[in-house]
Amino acid sequence: MQEYVSPHLTKADKEILTVPFSYFVEARDHRDFDTFYVDYCKRRAEKLKRGLFWVRFIPIAGLRRKVRQRIRNKYLDV
436 MQEYVSPHLT KADKEILTVP FSYFVEARDH RDFDTFYVDY CKRRAEKLKR GLFWVRFIPI
496 AGLRRKVRQR IRNKYLDV
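Just add 435 to wherever you are in the sequence shown, counting from 1, and you've got this note's numbering.
See below:
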């Protein structure tokens, strides 16, 4: 993928791509991408759990709800 797609992407195009897809384009082979993607999914799940845990300690209920919703929107898309 790297030699076929990367030369045709502009810098603006690369900024639009998601992290997994940009790694897919730059990966040497499918095994490299597969190992990256498994680790990526695990890290995102951990970040979601960690974020929702720390939100508990926000004392203002309205702010806590907004932050919790932002965390869910950011990490539950995968």
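For each residue, glycine too, the CB sits at the ideal point set by N, CA and C.
Practice prompt. Look at the Cβ atom of V460, then the Cβ atom of V440, and state whether they are nearer than 8 Å.
Written response: To locate residue 460, count along the sequence shown from 1; it is residue 25. To locate residue 440, count along the sequence shown from 1; it is residue 5. Yes, the Cβ-Cβ distance between V460 and V440 is below 8 Å.
Discussion item. Please report the distance separating the alpha-carbon of P494 from that of R479.
Written reply: Your numbering for residue 494 matches position 59 in the sequence shown. Your numbering for residue 479 matches position 44 in the sequence shown. Each residue's alpha carbon lies about 25 Å from the other.
Worksheet item: Between the C-alpha atoms of F468 and P455, what's the straight-line distance to the nearest angstrom?
Response: Start at 1 with the first residue of the sequence shown, and residue 468 comes out as number 33. Start at 1 with the first residue of the sequence shown, and residue 455 comes out as number 20. Those two C-alpha atoms are separated by around 8 Å.
Discussion item. Please report the distance separating the alpha-carbon of K449 from that of V502.
Written reply: If you number the sequence shown from 1, residue 449 lands on position 14. If you number the sequence shown from 1, residue 502 lands on position 67. Computed Cα separation, rounded: 29 Å.
Worksheet item: What's the C-alpha gap between K446 and R463?
Response: The residue labelled residue 446 in the question sits at position 11 within the sequence shown. The residue labelled residue 463 in the question sits at position 28 within the sequence shown. Linking K446 to R463 through their CA atoms gives a straight-line distance of about 20 Å.
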